[in-house]
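S.K.: Have a look at the structure that comes next, please.
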Amino acid sequence: MTTRADIPDRGQFLEAQGREFRHAYYELVRNYGEAFLDYICAYDGTYGMVNTVPTDSQRSVIGELFDLMVSLQEVPIDDSKRRIATARQLGGYVDDLGTSRGAAWHERCGGRVPDTRDDGTVEAAFRILARDLLGFRLIDGSTHISAVLGQHPVAAALFERFTDDDPLAAMFRDAAANSASADSSWRGRYPRSAALLPLWSDGQQSTLKFESIPGIILMDARVQKYAASNVVGPVQEATIANLDLARQLSLGETITVPTYVGLSGIRLSDDVEHIGLEGIRLRRSTPLDPGCLNGTTRVWTIGEIDTELKYLHNEVQASAGPDGRANVRIPDRTHEHTDIIDGHRRNMASKLERLRFALLLSSGVDDALASTEVFTTTDNPMTGSWAQLPSDLPHNAQAREISAAVAQELDEWLPKVSDLPDQLLLPMRRLLRAAAERGDPVDSLVDAVVCWEGLFGAETEIRFQVTGAMSVLLEPSIEQRQVLYKELGDLYSLRSRIVHGAVDVGAKKFSPKEAAAHAQRSVAVGISAFREVLSRPDLIEAKKSRERSQRILLGF
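Each step along the sequence shown adds one to the number in my numbering, with nothing skipped, and position 312 is 314.
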């Protein structure tokens, strides 16, 4: 494939690419998104096809899509109906093609598509649907999958392929059998028609209908490595894996699923495919992962945390009352259920917090890998993974890279951070907040110094104990300790003046630029100090910060 690098002269490149193609491409990206265009063109490069001379197949596909876009825009309908029409035209099943337009375009441009035969099984139906509806999932601003799923002939046959004893229906059979409502006999004959209200171990609870599960399984199929030219097969395998997990879950088994965490501020370097740790994985984000509502906060890295999931309680949701209103009753949660859910949430928060802190300790002291949690969602194969996506995060045009060397450091630091004793949790959280969560450098500086105090402070002579202990801990020679002791003392005094209102931020003596520099230095020193503390068992086991500074200064 010819790229911009192959044709240095810009005029010659534009002529080879074609101005008509370039105009059409920009308009299509604006309307449908780069991921959808990469998929239909089977293009694996970065930054879309704007710096590429298209093949004949890609050029014709872009031309067809552009003409279709124009015709859709000319139809006088509201935006909601237009989204549905667009989804059906681009991602829905087309009789003449025997698949969707998106899937047909993808294959025409050289995309690898496994031979998928319909042998009449549930699994074959899911593979066909995963192949045909993948393009729909990649369209920007698309609508609910029901807009295209119901039109696919295999989807209609899918529900007939589920036998009454299929494991996926076990929850519905059990709930109907235990239902004490007046129409339980009807539900006993048609258990899959019942609406359930299960309580899950992650605390989620919402209406569950059998007819909704296939769409959820399809929409939630994600891959660890994404390549637009070879994504169909991995998505098919992920779909079948979701089906298997959903069946186990319906049988009442405890399954292990990933909790997806979107992390902004960091990205894997080109020489790192993914990072596998005990129960945790870091990978590049893909177009199949959630984004941010503001469209500007990039999430380059996804953390996957292994999470146990099961249903704690399950019953049939009551039917509508005489007035036609849904008679929804939320079952009372037992103390046991509350303990399980609270334990799950504490465990998840702790794992995420310590992962972010291990990343911070693994980075260079002056180039901190400060990550921000954008979303967290547990992948329930029966209800889907959804998250509240923030819309008020700042624009981030770049991120710190996690190199292969940092990945090795992370493998060393995560176990140490996972075993962090309670007495070090407060300074850990303050340093995390200072490095990644504070927008104002003054607040960052204050939090960083509070971290120092949490590590080495005491009730009396706190400034001396904190700065003295850190100087001895971090510098080997008397001369270097003197320099660091003075610097830390100045930062400590500055923090105190800020807290007590004796410094006017923005004034000539303390400009915003200086505030940012002081904050960065305070965080860097905090990272160095924490690394040293976690490298010495005698400092880790110290119950009080006073004991920690005493062991550094006096040796006992």
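C-beta atoms are modelled at their ideal positions from N, C-alpha and C, and glycine is treated no differently.
Between which two residues does the alpha helix (DSSP H) harbouring PHE161 extend?
M.R.: As a first step, residue 161 is located in the sequence shown; it is residue number 159 there, counting from the start. The continuous alpha helix (DSSP H) containing PHE161 extends over residues 155 to 163.
S.K.: As a quick exercise: from GLN484, LEU493, GLY100 and LEU198, pick the residue whose alpha carbon is nearest that of ARG465.
M.R.: As a position in the sequence shown, residue 465 is number 463, starting the count at 1. Taking only the C-alpha atoms, the option nearest ARG465 is LEU493.
S.K.: The alpha helix (DSSP H) with HIS315 in it runs from where to where?
M.R.: Position 313 of the sequence shown holds residue 315. Not the alpha helix (DSSP H): HIS315 falls in the beta strand (DSSP E), residues 313 to 315.
S.K.: In this structure, how does DSSP classify THR258 when only helix, strand and coil are distinguished?
M.R.: For the purposes of this step, residue 258 is identified with residue 256 of the sequence shown, where counting begins at 1. In the structure shown, THR258 sits in a strand (DSSP, three-state: E or B).
S.K.: For PHE212, report the span of its alpha helix (DSSP H) as first-last.
M.R.: As a first step, residue 212 must be located in the sequence shown, where it is residue number 210. Where PHE212 is concerned, there is no enclosing alpha helix (DSSP H), given that its DSSP letter is neither H nor E.
S.K.: Among the candidates PHE532, LEU496 and VAL527, whose CA atom is the shortest distance from the CA of GLU516?
M.R.: Locating residue 516 in the sequence shown gives position 514, where the first residue counts as 1. The shortest C-alpha separation from GLU516 is found at LEU496.
S.K.: For the beta strand (DSSP E) containing GLU403, name the first residue and the last one.
M.R.: Translated into positions along the sequence shown, residue 403 becomes position 401. Segment 402 to 404, the beta strand (DSSP E) holding GLU403.
S.K.: For a minimum of 4 consecutive residues, which ranges assigned as the alpha helix (DSSP H) are wholly contained in the stretch 422 to 478?
M.R.: You should have 427 to 434, 443 to 458 and 464 to 476.
S.K.: Taking the C-alpha atoms as reference points, what is the distance between GLN467 and LEU371?
M.R.: Sequence index remark: in the sequence shown, residue 467 carries index 465 (1-based). Sequence index remark: in the sequence shown, residue 371 carries index 369 (1-based). Across the structure, GLN467 and LEU371 are spaced so that their CA atoms are roughly 28 Å apart.
S.K.: Leaving out five residues before and five after LEU160 in sequence, what residues of the same chain have Cβ atoms less than 8 Å from its Cβ?
M.R.: One-based indexing of the sequence shown puts residue 160 at position 158. The answer, listed in chain order, is VAL124, ALA127, PHE128, LEU131 and PRO216.
S.K.: Taking a contact to mean a Cβ-Cβ separation below 8 Å, would you say TYR41 touches LEU140 in this structure?
M.R.: Along the sequence shown, read from residue 1 onward, the residue named residue 41 stands at position 39. Along the sequence shown, read from residue 1 onward, the residue named residue 140 stands at position 138. Going by C-beta atoms, TYR41 is nearer than 8 Å to LEU140.
S.K.: Would you mind working out which of MET221, HIS315, ARG269 and HIS25 sits nearest ASP204, comparing C-alpha positions?
M.R.: Numbered from its first residue, the sequence shown carries residue 204 at position 202. Ranked by Cα distance from ASP204, the options MET221, HIS315, ARG269 and HIS25 are led by HIS315.
S.K.: Can you tell me where the beta strand (DSSP E) holding ILE282 begins and where it ends?
M.R.: Here residue 282 refers to the residue found at position 280 of the sequence shown. First-last of the beta strand (DSSP E) with ILE282: 282 to 286.
S.K.: Pairs of beta-carbons, one from the stretch 106 to 121 and one from the stretch 53 to 70, closer than 8 Å: are there three or more?
M.R.: yes
S.K.: For the beta strand (DSSP E) that contains ILE268, what are its first and last residues?
M.R.: Here the question's residue 268 lines up with position 266 in the sequence shown. Run containing ILE268: 268 to 270, per the beta strand (DSSP E) assignment.
S.K.: From VAL451 to LEU357, what distance separates their C-alpha atoms?
M.R.: To locate residue 451, count along the sequence shown from 1; it is residue 449. To locate residue 357, count along the sequence shown from 1; it is residue 355. Computed Cα separation, rounded: 22 Å.
S.K.: With DSSP run on the structure shown, which of helix, strand or coil describes GLY20?
M.R.: Residue 20 sits at position 18 when you count from the first residue of the sequence shown. It is coil, neither helix nor strand.
S.K.: Going by alpha carbons, who is nearest to LEU577 out of LEU536, ALA438 and LEU251?
M.R.: Because the chain spans 3 through 558 in this model, residue 577 falls outside it and cannot be assessed.
S.K.: For ASP11, which of helix, strand or coil comes out of DSSP?
M.R.: Here residue 11 corresponds to residue number 9 of the sequence shown, with the count starting at 1. ASP11: coil per DSSP, three-state reduction.
S.K.: Between which two residues does the alpha helix (DSSP H) harbouring THR380 extend?
M.R.: Against the sequence shown, residue 380 aligns to sequence position 378. First-last for THR380: 374 to 380, but that is the beta strand (DSSP E), not the alpha helix (DSSP H).
S.K.: Are there 16 or more other CB atoms within 10 angstroms of the CB of ARG550, so buried, or fewer, so exposed?
M.R.: Sequence index remark: in the sequence shown, residue 550 carries index 548 (1-based). Flag for ARG550 reads buried.
S.K.: Work out the CA separation of GLU463 and ARG432 for me, nearest whole Å.
M.R.: The residue labelled residue 432 in the question sits at position 430 within the sequence shown. The residue labelled residue 463 in the question sits at position 461 within the sequence shown. Cα-Cα distance, rounded: 21 Å.
S.K.: Going by the beta-carbon positions, is the gap between GLY20 and ARG85 smaller than 8 Å?
M.R.: As a working note, residue 20 is residue 18 in the sequence shown. As a working note, residue 85 is residue 83 in the sequence shown. Cβ atoms of GLY20 and ARG85: not closer than 8 Å.
S.K.: Go to ILE542, then tell me how far its alpha helix (DSSP H) extends in each direction, as first and last residue.
M.R.: One-based indexing of the sequence shown puts residue 542 at position 540. First-last of the alpha helix (DSSP H) with ILE542: 539 to 542.
S.K.: Find out if the Cβ-Cβ distance for the pair THR469, THR380 is shorter than 8 Å.
M.R.: The residue labelled residue 469 in the question sits at position 467 within the sequence shown. The residue labelled residue 380 in the question sits at position 378 within the sequence shown. Contact flag unset, no.
S.K.: With distances taken from CA atoms, which of MET430, ALA149 and LEU284 is nearest ILE529?
M.R.: Along the sequence shown, one-based indexing puts residue 529 at 527. Selected option, being the one with the closest Cα: MET430.
S.K.: Residues in its own chain within less than 8 Å of ASP273 by CB, not counting five upstream and five downstream?
M.R.: The count along the sequence shown starts at 1 and reaches residue 273 at position 271. Excluding residues within five positions, the ones whose Cβ falls inside 8 Å are SER405 and ALA406.
S.K.: Go ahead and pull the three-state DSSP assignment for ASP97.
M.R.: Position 95 of the sequence shown, counted from the start, is the residue given in the question as residue 97. ASP97 falls in the coil class under three-state DSSP.
S.K.: Using the beta-carbon count (16 or more within 10 Å), is GLY152 buried or exposed?
M.R.: For the purposes of this step, residue 152 is taken as the residue at position 150 of the sequence shown. GLY152 should be labelled exposed.
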